[in-house]
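Read through the structure below, which is laid out as structure tokens, and then see the notes.
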Amino acid sequence: MEKSFLQILIHHDALSNIIVLIIIALAIFCYSILFELCFFSSKNRQWYDHCMHWLNSLSSMLGALPLLGLLGTISGLLQTFFHMSIDHNLNVSELMSSGISDAMLTTQIGLSFVVPGWLMHALLRRRTSMWFVANNQPTLKISYTTKTDTTSEARGNYAKNA
397 MEKSFLQILI HHDALSNIIV LIIIALAIFC YSILFELCFF SSKNRQWYDH CMHWLNSLSS
457 MLGALPLLGL LGTISGLLQT FFHMSIDHNL NVSELMSSGI SDAMLTTQIG LSFVVPGWLM
517 HALLRRRTSM WFVANNQPTL KISYTTKTDT TSEARGNYAK NA
């Protein structure tokens, strides 16, 4: 019988791990912004500006989720090796398997939260691009006109420099 994600979190006492709590809090923050912008906001100029404001930040925050998971894994493995060094009376294979299982859980949590977040982020980028094209927002125009100085003094300076 397979356990649900929540059952795994409770079984491993993962909610007492500060890194797991940080991953969950960051994921909730990112998802709340993504859900609001993707599904609940009306698509207008203010929405577009809001999206452009958040897209880069959301990308960075979502990218931090698996890195935090890796940090939790390293931290968990260090704890396991520390306990192995001080607890000589315990079964080493049991301690190793339990410690590695707990350590790998943070990586699983980080990856579980980031993949749907990246998909929603791609959806939001696509919707902002489509909105921009559909509304023919003016783009930045660069003027290539130059002012030509035709005075005799300017022509004289040009001849001296050449």
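Numbering (the numbering used here) for the sequence shown: 397 to 558. Even for Gly, the Cβ is constructed at its ideal location relative to N, Cα and C.
When the Cα atoms are used, G468 and S453 turn out to be separated by approximately 23 Å. Annotation for L430: the continuous alpha helix (DSSP H) segment containing it runs 414-431. With contacts defined as CB atoms closer than 9 Å, N531 and R441 qualify as a contacting pair. In this model, A499 and H517 are separated by some 28 Å (Cα to Cα). Judged by DSSP in its simplified three-state form, S481 adopts helix. When the Cα atoms are used, M448 and L515 turn out to be separated by approximately 17 Å.
For N487, the three-state secondary structure derived from DSSP is coil.
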